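Note that the protein sequences, when read in sequence, are chains A and B.
Taken in order, the first sequence gives residues 100 to 205; the numbers are from the working numbering.
Taken in order, the second sequence gives residues 100 to 205; the numbers are from the working numbering.
2 protein chains.
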Amino acid sequence: MARQAISGNVRGSRTGRPIMALLDLLGRRWALRVLWELRAAPLTSRALRTACDEASPTVLQARLSELREAGFVELGDGGGYGLTALGRELCETFMPLHRFAERWKR
Amino acid sequence: MARQAISGNVRGSRTGRPIMALLDLLGRRWALRVLWELRAAPLTSRALRTACDEASPTVLQARLSELREAGFVELGDGGGYGLTALGRELCETFMPLHRFAERWKR
DNA sequence: CTCCGTTGCTACAATTATCGTAGCAACACG
DNA sequence: CGTGTTGCTACGATAATTGTAGCAACGGAG
């Protein structure tokens with residue numbers, strides 16, 4: 100009966116399986132949204148906050164730090180957050196969600 | 100516990116853009132992971148819990164309820180949670196994440 | 001120079017979400 | 001009957017998020 104499935108750690112562990120780490124990182128609040136809002140062009144921290152419906156700067160900074168550490172987001176020397184090449188690539192992989200969401204509607 | 104249903108008032112978006120609602124739903128803890136673990140075959144609630152590294156049943160039940168309400172997951176009449184056709188479709192859209200994560204490695 | 005507005009970023013308390021453990025009722029099998 | 005599943009919930013403890021306020025640093029007028 101034991102459908103022995105993959106038992107990998109998600110939170111706070113790097114036990115291999117990058118997909119788990121990625122799902123964990125993207126599964127934190129505002130993480131997906133931040134990537135989504137940066138998909139077109141870089142935004143300043145405040146513009147990003149506005150784009151994210153005035154989400155609290157505390158979480159946004161936390162997510163930005165994590166996404167930066169992961170190599171998806173970078174802070175331009177002129178100011179403003181933007182996607183790295185890797186981040187743009189990641190964004191592409193879940194861009195089909197847009198089309199899916201439109202059909203989903205509910 | 101605040102029940103933020105998909106219908107109507109979803110955190111982060113009252114603009115009516117379905118993508119925001121979807122990003123919000125998938126941005127909750129274990130949501131992506133649950134979909135991921137169900138990608139291959141249905142699992143019982145306990146098998147799913149095992150697959151999700153013994154995540155607390157409280158959240159898992161919450162996520163399962165939300166995902167069921169969204170139409171992505173269903174409870175089979177013989178027991179066990181599985182993806183709906185829509186859920187399978189959703190899973191397909193972010194399956195490329197797997198390949199991306201492998202190249203990412205962190 | 002000072003004043004003003006912006007930048008990225010942080011402190012702090014209050015509120016939520018999640019965790020971890022335990023346990024329930026319903027059902028099936030022997 | 002007892003034993004073992006199933007899906008699901010209660011509840012205190014802990015971690016994450018919210019909302020508000022504010023900081024130092026930088027730049028461009030004036």
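Idealized CB from N, CA, C, for every residue including glycine.
Small disclaimer: the values here were computed from a predicted structure and weren't measured.
1) Given that a residue counts as buried once 16 or more other Cβ atoms are within 10 Å of its Cβ, and exposed if not, what is threonine 149 of chain A?
2) Can you tell me the Cα-Cα spacing of glycine 175 of chain A and arginine 138 of chain A, whole angstroms?
3) Does any C-beta atom of chain A lie closer than 8 Å to the C-beta of arginine 128 of chain B?
4) Please classify glutamate 173 of chain A: does DSSP put it in a helix, a strand, or coil?
5) On the DSSP letters alone, give me the boundaries of the beta strand (DSSP E) that leucine 182 of chain A sits inside.
6) Going by DSSP, name the residue or residues bridged to leucine 142 of chain A.
7) Identify the continuous alpha helix (DSSP H) that holds alanine 120 of chain A and give its terminal residues.
8) Can you tell which of B:Ala140, B:Glu188, B:Ser155 has its C-alpha closest to the C-alpha of arginine 198 of chain A?
9) What is the C-beta distance between leucine 147 of chain B and leucine 166 of chain B, in whole angstroms, given that I count them as a contact (C-beta under 8 Å)?
10) Below 8 Å on the Cβ atoms is my guess for tryptophan 203 of chain A versus leucine 131 of chain B; work out the distance and round it to an integer in Å.
11) Going along chain A in order, which residues have a C-beta closer than 8 Å to the C-beta of leucine 174 of chain B?
12) Could you tell me whether any Cβ in chain B is nearer than 8 Å to the Cβ of alanine 40 of chain A?
13) Check the Cβ of proline 156 of chain B against every Cβ in chain A and list those closer than 7 Å, keeping chain order.
14) I want to verify the contact list: residues of chain B whose CB lies under 8 Å from the CB of glutamate 188 of chain A, in sequence order.
15) Compare the Cα-Cα distances from leucine 185 of chain A to each of A:Asp152, A:Ser144, A:Glu168, A:Ser155 and report the closest residue.
16) With a threshold of 8 Å between beta-carbons, can threonine 192 of chain A be considered close to chain B, or not?
17) For leucine 163 of chain B, return the contacting residues in chain A, with the cut-off set at a CB-CB distance below 7 Å.
18) Give the interface partners of leucine 131 of chain B over in chain A, defined as CB-CB distance under 8 Å, in chain order.
Taking the structure as given:
1) By 1-based counting over the first sequence, the position of residue 149 of chain A is 50. Threonine 149 of chain A is exposed by the Cβ-count criterion.
2) The count along the first sequence starts at 1 and reaches residue 175 of chain A at position 76. The count along the first sequence starts at 1 and reaches residue 138 of chain A at position 39. Looking at the two C-alpha atoms, the distance is approximately 15 Å.
3) On the second sequence, residue 128 of chain B is found 29 positions in, with the first residue counted as 1. Yes, contact with chain A.
4) Taking the first sequence and counting its residues from 1, one reaches residue 173 of chain A at position 74. DSSP places glutamate 173 of chain A in strand when its eight states are reduced to three.
5) Within the first sequence, residue 182 of chain A is the residue found at index 83, counting from 1. Element bounds for leucine 182 of chain A: 180 to 182.
6) On the first sequence, position 43 is the one that residue 142 of chain A refers to. Beta-bridge pairing links leucine 142 of chain A to A:Tyr180.
7) Residue mapping note: residue 120 of chain A aligns to position 21 of the first sequence, counting from 1. Note, alanine 120 of chain A: alpha helix (DSSP H), 117 to 125.
8) Taking the first residue of the first sequence as 1, we reach residue 198 of chain A at position 99. For the residues B:Ala140, B:Glu188, B:Ser155, the minimum Cα distance to arginine 198 of chain A belongs to B:Glu188.
9) Your numbering for residue 147 of chain B matches position 48 in the second sequence. Your numbering for residue 166 of chain B matches position 67 in the second sequence. Wrong, their Cβ atoms sit about 11 Å apart, outside the cutoff.
10) Against the first sequence, residue 203 of chain A aligns to sequence position 104. Against the second sequence, residue 131 of chain B aligns to sequence position 32. 16 Å between Cβ atoms; not a contact.
11) Walking along the second sequence from the start, residue 174 of chain B turns up at place 75. Going along chain A, no residue has its Cβ under 8 Å from leucine 174 of chain B, so there is no contact; the nearest lies around 16 Å.
12) Here chain A covers residues 100 to 205 and nothing more, so residue 40 of chain A does not appear.
13) Stepping through the second sequence from its first residue, residue 156 of chain B is reached at position 57. Those within 7 Å of proline 156 of chain B in chain A number zero; the least Cβ separation is about 16 Å.
14) For this step, residue 188 of chain A is matched to residue 89 along the first sequence. Those within 8 Å of glutamate 188 of chain A in chain B are Phe199.
15) Residue mapping note: residue 185 of chain A aligns to position 86 of the first sequence, counting from 1. Looking at the Cα atoms, A:Glu168 is the closest of the given residues.
16) Position 93 of the first sequence holds residue 192 of chain A. Yes, threonine 192 of chain A lies at the interface with chain B (some Cβ there is under 8 Å from its Cβ).
17) The residue labelled residue 163 of chain B in the question sits at position 64 within the second sequence. Simply none; closest approach about 15 Å.
18) Taking the second sequence and counting its residues from 1, one reaches residue 131 of chain B at position 32. Simply Leu122, Leu125, Gly126.
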